[in-house]
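Asks: Heads up: the sequence shown begins at 495 in our numbering, then just goes up one per residue. Once you've had a glance at the structure underneath, I'll fire off some questions.
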Amino acid sequence: MSYQISRKTAIVMVVTAIVGLALYNLAPPDFQPGEYQTTLSIVSPGIDGELPVTVLLAEGGQLEQSVYTLNGTTTNVTITVMTRVPLAPDSALTFVISAIGAPLTADQIEVRLQNEAGFNQTIRPTRQSGQTFTVTYQPLVKSRAALMILAVVAILWFSEGISLVATSMLIPILLVTTEIRTPQAALAPFFDPAVALILGGFLLGRALSKYDLDKRLALLILSRSTGSGSSLLLTVMGVTAFLSMWISNTASAAIMIPIAIAVISRIRNEETRSKYGKALVLGVAYAATLGGVASLVGSPPNPLAATYINSFLDIEFSFMSWLPFGVPVVLIMLPIVWQWLLIRFKLPKDIEEIRDLKGVSEKEYLKLGPMPLQQKMVVVVFVGVVGLWLTERLPDFMASALNWSGHGIPSSIVALIGGLSLLVLRLLDEKDISSEINWSSLLILGSGIALGGAMIDTGLSAYLAHQMSGLDMFPAFLIVVILGVVAILVTMVASNTGAAVILIPVAIPLAIGLGIDPLLVTMVIAIAVSMDFALPTGTPPSTIAYSTGKVTMREMITTGLMLDLIAVLVVTVVVVWIWGLLGLVVL
């Protein structure tokens, strides 16, 4: 039996090698060791002063720090400065500013870093906790290797010259062989809390589908629907979006599309059947994609973004924290998508056959019979996990009323508790684990966390962000819109996880440098990378919809492009305004 490597793979590998080597040689030089002059400036009504500090960036050795004070009229400040910093990955120059008295804001603080060779850069606070501000700057180290790895991974992910899983396995190999990471540090992200969270979600999703609870729920809701065609479409989309909050958007689409096809098969008029076929399969795909952004476990970019927020912005981000960011997107976009599909395919709002759907769904639901013990046990585990997710950390007004802030068990551990319960109760077995869990998604997610961390810890993301500092000529809201557009364009040619890995580590320092809330930018990108509706390759649900043969490529593109444009405006303008109104981000 002969074996032959595909022509596409060979071409992509050659191009990847050439581009990787070229960028390795063209990469910016590493930070030069030596003495640097730093100047901390604070300008506020309570204090107006500067603190000059000489900092040594050395090729080795240990961190050293000194403590200084600045006293103003109504504000006193204590500053802890790293005065000796080894030039190595994850070894940042850090200022910690603690203020007492009249409050300071982050935009009143900046640090200038200079040397005699002409280097000059301004750094702003990267974190704030009360009146403690942290300014960090990671000098560029291992820049050639970091840029080469980023280019290689981007080309392989975008082109899929080799499988996404193969590229994911390549990332820790490159990080270790180029001495950016130790083996322990390179492999730890593959069971990061975000990966554990998704694994637990996969186990819950498998239990729901194994015991037909997803089908039972879908038929129950459809049996309660009204008889008009337009309301049927909205009902199917609503069920799909709700399922996608708790199981993968791929699984929810795979469950609901066959139900949708069964519904339209009852329509006798061929033209009407064709129109409803297109609208229903696209509606299911779009709703599955939208539902995936509503919760932390709905889509891989969500926990990936939460990991970056926790690690690099030092913001606690739980399952409950995600809901006010994601749910408004679904509540706004779902009716818009529904109305657009009605208009796009000129659907008749009332047809005789659709009126029978309620009775048909009710009969199918009754055929399922009463819930057996195993289904009831899965429901108990599922409800328990969701309840624990929602009560990890309660909102302030609820915590005050109940005198209880939440149990504090991280969402990832709760997910694993749920998965463990299913295994202990023998609701899942080894075959479910080995054959029914999407391990490739977990590998891709883990490798994305590893790559993103390496980009930040080598200073590459800060360097790339600094090259885009010219964007400060635009107003902040326009920069957010631009980032949203870029996120959607990138996810058209790459997986949404890959797009998030490439964009978020660069966007965080860019936002800090431009004085924009980095949490705002991170959330916009995390949600926007799941907002491509135009191409079958954009998201797995779109691929499933296209594979039914009910819709042509041209119809999918023309329908989806309009939604892409609407999604950009909704995510970057309308939803951002809502986030600001709720006090979730700083506008």
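Note that CB positions come from ideal geometry on N, CA and C, so glycine has one too.
Hey, could you find the ends of the beta strand (DSSP E) methionine 576 is sitting in?
Replies: Segment 569-580, the beta strand (DSSP E) holding methionine 576.
Asks: Alpha carbon to alpha carbon, what distance is there between arginine 700 and valine 880?
Replies: Between valine 880 and arginine 700, the C-alpha separation is close to 16 Å.
Asks: Could you tell me the alpha carbon to alpha carbon distance between threonine 533 and alanine 682, rounded to whole angstroms?
Replies: Approximately 37 Å, taken between the alpha carbons.
Asks: Does DSSP put serine 560 in a helix, in a strand, or in coil?
Replies: DSSP places serine 560 in strand when its eight states are reduced to three.
Asks: Report the CB separation of isoleucine 692 from valine 791 in whole angstroms; it is logged as a contact under 8 Å.
Replies: At roughly 6 Å, the Cβ-Cβ gap stays under 8 Å, so isoleucine 692 and valine 791 are in contact.
Asks: Count the other CB atoms, across all protein chains shown, that sit within 10 Å of the CB of leucine 1083; report buried if there are 16 or more and exposed otherwise.
Replies: Only positions 495 to 1081 of the chain appear in the structure, and residue 1083 is not among them; the question remains open.
Asks: Report yes if the CB atom of proline 1030 is closer than 9 Å to the CB atom of serine 1036, and no otherwise.
Replies: Against a cut-off of 9 Å, the Cβ pair of serine 1036 and proline 1030 comes out as a contact.
Asks: Check whether the Cβ of glutamine 602 lies closer than 8 Å to any heavy atom of the ligand FAD, and answer yes or no.
Replies: Annotation note on the ligand FAD: not contained in the displayed structure, which lists no ligands.
Asks: Pick helix, strand or coil for glutamine 531, following the three-state DSSP scheme.
Replies: Looking at glutamine 531 - three-state DSSP - the assignment turns out to be strand.
Asks: My understanding is that glutamine 632 touches tyrosine 530, with C-beta atoms under 8 Å, so please give their C-beta distance in whole angstroms.
Replies: That pair is no contact at about 14 Å.
Asks: CB lysine 502 to CB serine 746, shorter than 9 Å?
Replies: No, these two residues do not count as a Cβ contact at 9 Å.
Asks: Counting Cβ pairs closer than 8 Å, one from the segment 647-665 and one from the segment 987-1003, do we hit at least three?
Replies: Yes, the segment 647-665 is in contact with the segment 987-1003.
Asks: Contact defined as beta carbons within less than 8 Å: I believe valine 1070 pairs with leucine 1014. What is the distance between those atoms, to the nearest angstrom?
Replies: Confirmed, Cβ separation roughly 7 Å.
Asks: Which residues bound the beta strand (DSSP E) around isoleucine 938?
Replies: Where isoleucine 938 is concerned, there is no enclosing beta strand (DSSP E), although the alpha helix (DSSP H) it sits in stretches over 933-951.
Asks: Hey, quick one: how far does the alpha helix (DSSP H) through alanine 788 stretch, first residue to last?
Replies: That residue, alanine 788, is in no alpha helix (DSSP H); it is neither H nor E in DSSP.
Asks: What do you get for glutamine 678, buried or exposed, if any count of 16 or more other CB atoms within 10 angstroms of its CB means buried?
Replies: Burial call: exposed.
Asks: In whole angstroms, what separates the C-alpha of alanine 690 from that of tryptophan 740?
Replies: Computed Cα separation, rounded: 15 Å.
Asks: Roughly how many whole angstroms lie between the Cα atoms of valine 1079 and alanine 504?
Replies: Distance between the alpha carbons of valine 1079 and alanine 504: 46 Å.
Asks: Determine the contact status of alanine 773 and leucine 711, defining contact as a CB-CB distance below 9 Å.
Replies: Against a cut-off of 9 Å, the Cβ pair of leucine 711 and alanine 773 comes out as no contact.
Asks: Once the 5 residues before and after methionine 750 are set aside, which same chain residues still bring their CB inside 6 Å of it?
Replies: For methionine 750, where only same-chain residues beyond five positions count, the Cβ hits under 6 Å are Thr734 and Val778.
Asks: For a test of the three-state rule: what should DSSP assign to glutamate 654, helix, strand or coil?
Replies: If DSSP states are grouped into helix, strand and coil, glutamate 654 belongs with coil.
Asks: Given that a residue counts as buried once 16 or more other Cβ atoms are within 10 Å of its Cβ, and exposed if not, what is proline 523?
Replies: Exposed, since its Cβ has fewer than 16 Cβ neighbours within 10 Å.
Asks: Should methionine 576 and threonine 588 be called a contact, given that it needs their Cβ atoms to be closer than 9 Å?
Replies: Contact flag set, yes.
Asks: Where does glutamine 602 land, buried or exposed, given buried means 16+ other C-beta within 10 angstroms?
Replies: Glutamine 602 comes out buried.
Asks: Buried or exposed for glutamate 924, please, with buried defined as at least 16 other CB atoms from any protein chain shown within 10 angstroms of its CB.
Replies: Exposed.
Asks: Verify whether the separation of the beta carbon atoms of alanine 596 and proline 539 is less than 9 Å.
Replies: A contact, by the Cβ cut-off of 9 Å.
Asks: Mind listing, in chain order, the continuous alpha helix (DSSP H) runs of no fewer than 4 residues lying wholly within the segment 875-901?
Replies: Entirely contained in the segment 875-901, the alpha helix (DSSP H) runs reaching 4 residues are, in chain order, 890-896.
Asks: Can you tell me which of the three DSSP states glutamine 632 falls into?
Replies: Reduced to three states, the DSSP call for glutamine 632 is coil.
Asks: Helix, strand or coil: which one does DSSP assign to arginine 621?
Replies: In this structure, arginine 621 counts as strand in the three-state DSSP scheme.
Asks: Measure from the alpha carbon of glycine 863 to the alpha carbon of each residue in Gly1054, Ile591, Leu983 and Leu713, then state which is nearest.
Replies: It is Leu713 whose Cα lies nearest to the Cα of glycine 863.
Asks: From this set, Asn565, Trp898, Trp883 and Gly1054, which residue's C-alpha is nearest glutamate 544's C-alpha?
Replies: Of the candidates Asn565, Trp898, Trp883 and Gly1054, the one whose C-alpha sits nearest the C-alpha of glutamate 544 is Asn565.
Asks: Mind checking who aspartate 489 pairs with in its DSSP beta bridge?
Replies: Coverage of the chain is limited to positions 495 through 1081, which leaves residue 489 absent and any answer about it impossible.
Asks: Bridge partners of valine 506, per DSSP?
Replies: Beta-bridge pairing links valine 506 to no other residue.
Asks: Taking the CB atoms as reference points, tell me whether isoleucine 541 and leucine 945 lie closer together than 9 Å.
Replies: Contact: no.
Asks: Identify the residues that DSSP records as bridge partners of glycine 595: which are they?
Replies: BP columns for glycine 595 point to Thr569.
Asks: I need the DSSP call for glutamine 868, collapsed to helix, strand or coil.
Replies: Glutamine 868 falls in the helix class under three-state DSSP.
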